[in-house]
Structures are given as C-alpha cells and as structure tokens.
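Numbering (my numbering), first residue to last: 78 to 419. In this text, a Cβ means the ideal position worked out from N, Cα and C, and glycines have one as well. Because the structure is a prediction, the values reported are computed rather than measured. This report refers to the structure that appears directly beneath it.
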Amino acid sequence: MNMTFLPVSPESLQQAAQILRNGGLVAFPTETVYGLGADAFNAEALAKIFEVKNRPRFDPLIIHIAALDTLENVADMSLISEEARSKLFSLAEKFWPGPLSIVLPKNEKIPGIATAGLTTAAIRFPAHEAARTLISLAGGAVAAPSANPFGSLSPTRAEHVRDKLGDKIDMILDGGPAQIGVESTVLDITGKSIKILRHGGTPKEEIEKLIGGVEENVFNADSSGGLASPGQLKSHYSPQKPLSVFSREEMLRLPYEADAAYLFFDGSTREAWLEGRPEAGGQDSAVFRTLSEKGLVLEASARLFEILHELEKCRISRIFAQFAPFEGLGAAINDRLSRASI
Ligand code: TXA
Ligand code: MG
C-alpha cells in the first residue's frame, strides 16, 4: 500500500481526517503512545484495524473523543446510575483531556466490532493537540488501539509505526516522541465498585484522591479466559528478546554477562552494579541503559518503550530489567515490564 508519512501540520491533519472519513487507517500521535485510528462509526474501517494489527476480535478498542459534549455520541448515559454519573464528571473535570480511559455503556451507534461485542466501551479524551484536532475534523469519534502489531511493543515514535505497520496503513502523522510513553489508565465505573483494569498514564493514587478507593483488576493471565479487560493478556508488549525483571536488590546481585542488556531504572543502581565489575565496559561489552538517570518515573515511562524498541534491534541475546518504585507511574512501568517478561 502507498503510505503517506507527514509531520503534523494544518494540511496533513486535514488530509488525515479525509482518509478517516473515507474509511481509511491513520496512525497519529497521542500523549501516551501512537494510536492506529479509524472512524468509530464505520464497522468496515474498524475491521481493518483488527486485520492490520493481527488483533484477536475479542480485544476491544478504545474510542477517542475531542470534546466532553460529544460524550453522548459514543456512550449511553441513560444506563448509568446517578452515583456513577457524578463520579464520571469529577473524573472528567480533573483528568480529561488526559491519559485516562473510562469504561461506560456504549451508544448503539458504535458498531459491536469496536467493543468486541461488549455493551460497554472504553472512552478516552486525549490531551495531545494534534490528536484532538484530527478527531474533531474526522467527525468526533476515532477508535484507536496502540499502533503496533498485536502483542509487540507499543510505539512511542512515528518511526516505530513505520517499521512495523508502514506497508499496511494509509498514513502516519509524525508528532515526535510521545510525552508519557505508556498507555492510558483504564478505569471501569459501570459496576458497584470502581476498578482499574490497566495501570497507565494516570496514577491510581491520583484517582483515589478524587473519588476514594478503587479496586484493581489487572491480574496477569496467560489466556483470555475470564479477563475483565482483554488487554490483561500476559504476553502483551513483548520485545523480541527474552526479558527478565528484578528488584533493585536482585539486580545488584546479577552476574555480568557479555551478551546481555542491563536496563537499570536509575543511575545510582547502575553505578552500584558497575562497581566491582571491571569486566563490564570492555570492547565486546554488554549493553547498559538507564530509564532515568535521576530516578524520575515520568522520564522513565517516557523512555521505556523507546529503549525496548532499541534493545530489540541490538545484538544481545537477553534483557535484564529493573523494576521502578511501585508508586505513581511506576505501577504502569512495572506492569509493562512484567508483561514483557518471560
Ligand atoms: O493510551 C492509550 O490508551 C492508547 C492510545 C492510542 O490512546 N490506546 C491503547 O489502546 O492503548 P489498546 O487497544 O492498545 O488498548 C485497549 C485496551 C484493551 O485491550 C482493553 O484492555 C481495554 O483497553 N478496553 C477497551 N474497551 C474495553 C471495555 N469495553 N471494557 C474493558 N476494557 C476495555
Ligand atoms: Mg496496545
């Protein structure tokens, strides 16, 4: 297929919106990761997303909107309780636009294929300006999973999309590297208790500060059986190299292996590890990467997939990675590392 690759501009956004209106597929930047968009009301276009990504039909897509007053085009608000409605509006006021997807009863205009047959849809109002402009120009509702083949690393740069899906889609809008670098948090507010289905760009602690305790339903499963959210599949986000993940203490005890990559969370752990291992650093040495020199989780999440993409291409045979602290965005980083691990 002839794919158009353009930087974000008023003209390229118009062109991209036209492609979406005609039932085509456009990869576009968001603040979390790049999305692979199709018109959320066009069942045939939605089917193409599943085909191109090789995504199982039981894995529902996230529906993106660009303004709060269009929420009712994609969600059926008559089906939620007063209590859920008031929580929704507090959440929307605080976190939208931003990296939070909220599961709501879907509007009947959204074809069943978008939600994998579920009566609910995960709705997201992204903060990225180009994403919002594109969504509005394309008619107000764009379904978009991450723009990667199913089960592989999520794309945080337009080049990642080009490398893996470039010959299968109509257009890629290049908006530079993603700011947050891990996907949105998925929150289900349709049940009695509110549940986090996926850790992501909006930390659980922030959500709890606003609406009180939320349950977690993000267990690692090895198959699709009984999952509340199909994105919980264990084998998600895998790099093409075996990856193992360790606490700081475990990491410090790891022996040196020349054909491995060591992915440290912070500079201080790397320096402590390197001390007393003079064999590391020679000509044919192992590869060392650090998510954030100062140990800042936002910087670490923004770089996580980018570094994993790079290590996937390096001549190493395995990756040893260090967990982030389990706070704030650290929960999302650790979730992705666990799922990427063997
Ligand atoms: O940050 C993001 O959310 C990115 C960007 C492009 O916006 N999108 C993204 O989409 O990560 P995707 O398809 O890779 O993840 C969608 C996940 C599903 O795998 C599932 O876990 C959850 O969102 N999901 C979608 N609809 C759902 C529903 N109705 N009920 C429960 N979970 C749902
Ligand atoms: Mg994905």
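Residue burial classification, residue i (beta-carbon count within 10 angstroms, cutoff 16)
| i | result |
| --- | --- |
| residue 200 | buried |
| residue 299 | The predicted position of residue 299 is uncertain, since its pLDDT is 44 and thus under 50; a value taken from the coordinates is nonetheless stated next. Under this definition residue 299 is an exposed residue. |
| residue 329 | exposed |
| residue 394 | exposed |
| residue 225 | buried |
| residue 134 | exposed |
| residue 196 | exposed |
| residue 412 | buried |
| residue 406 | buried |
| residue 399 | buried |
| residue 132 | buried |
| residue 246 | buried |
| residue 419 | exposed |
| residue 234 | buried |
| residue 38 | The requested residue 38 does not occur in the structure, where the chain is confined to residues 78 to 419. |
| residue 242 | buried |
| residue 277 | buried |
| residue 84 | exposed |
| residue 251 | buried |
| residue 163 | exposed |
| residue 79 | exposed |
| residue 388 | buried |
| residue 93 | buried |
| residue 332 | exposed |
| residue 264 | buried |
Delimiting residues of the beta strand (DSSP E) encompassing residue i
| i | result |
| --- | --- |
| residue 154 | Taken as a continuous stretch (DSSP letters only), residue 154 belongs to no beta strand (DSSP E), as it is neither H nor E. |
| residue 262 | 262–265 |
| residue 114 | 112–116 |
| residue 195 | Careful: residue 195 lies outside any beta strand (DSSP E) and carries neither H nor E. |
| residue 251 | 248–251 |
| residue 409 | Not the beta strand (DSSP E): residue 409 falls in the alpha helix (DSSP H), residues 407–417. |
| residue 272 | 272–275 |
| residue 369 | 364–369 |
| residue 103 | 103–105 |
| residue 256 | That residue, residue 256, is in no beta strand (DSSP E); it is neither H nor E in DSSP. |
| residue 395 | 395–399 |
Of the listed residues the options, nearest to residue i (C-alpha basis)
| i | options | result |
| --- | --- | --- |
| residue 315 | 375, 414, 365 | 414 |
| residue 340 | 353, 317, 325, 354 | 325 |
| residue 367 | 250, 209, 351, 293 | 351 |
| residue 319 | 399, 241, 417, 380 | 417 |
| residue 137 | 106, 131, 179, 198 | 198 |
| residue 348 | 338, 246, 365 | 365 |
| residue 391 | 338, 344, 357, 375 | 338 |
| residue 361 | 386, 334, 346 | 334 |
| residue 273 | 409, 327, 115 | 409 |
| residue 124 | 144, 94, 228, 221 | 221 |
| residue 344 | 358, 385, 105, 372 | 372 |
| residue 327 | 227, 214, 342 | 342 |
| residue 143 | 164, 178, 121 | 178 |
| residue 374 | 292, 256, 317 | 256 |
| residue 218 | 140, 346, 380 | 140 |
| residue 203 | 262, 346, 401 | 262 |
| residue 232 | 383, 397, 402 | 383 |
Span of the alpha helix (DSSP H), counted from its first residue to its last, around residue i
| i | result |
| --- | --- |
| residue 385 | 374–390 |
| residue 328 | 325–330 |
| residue 81 | Taken as a continuous stretch (DSSP letters only), residue 81 belongs to no alpha helix (DSSP H), being part of the beta strand (DSSP E) at 81–84. |
| residue 129 | 120–130 |
| residue 178 | Looking at the DSSP string, residue 178 is not in any alpha helix (DSSP H); the run it does join, the beta strand (DSSP E), is 177–182. |
| residue 97 | 87–98 |
| residue 351 | 344–351 |
| residue 286 | 281–288 |
| residue 210 | 206–214 |
| residue 237 | 235–242 |
CB-CB length for residue i against residue j, believed under 8 Å
| i | j | result |
| --- | --- | --- |
| residue 238 | residue 378 | Actually they are not in contact, since the Cβ atoms of residue 238 and residue 378 sit about 19 Å apart, beyond 8 Å. |
| residue 180 | residue 267 | 6 Å |
| residue 363 | residue 336 | 7 Å |
Residue i Cβ short of 6 Å to the ligand GDP heavy atom set
| i | result |
| --- | --- |
| residue 175 | Absence of the ligand GDP from the depicted structure is noted, with the ligand TXA and the ligand MG being the only ligands included. |
Under 8 Å: do the stretch 80–97 and the stretch 190–197 share three or more Cβ pairs, one atom per stretch? no
So does the stretch 272–285 actually touch the stretch 162–181, counting three or more Cβ pairs closer than 8 Å? yes
The stretch 139–150 contacting the stretch 177–188, beta-carbon criterion three pairs below 8 Å: yes
Okay, do the stretch 109–122 and the stretch 226–245 touch, 3+ Cβ pairs below 8 Å being the bar? yes
Is the number of C-beta pairs between the stretch 93–100 and the stretch 153–168 that are closer than 8 Å three or more? no
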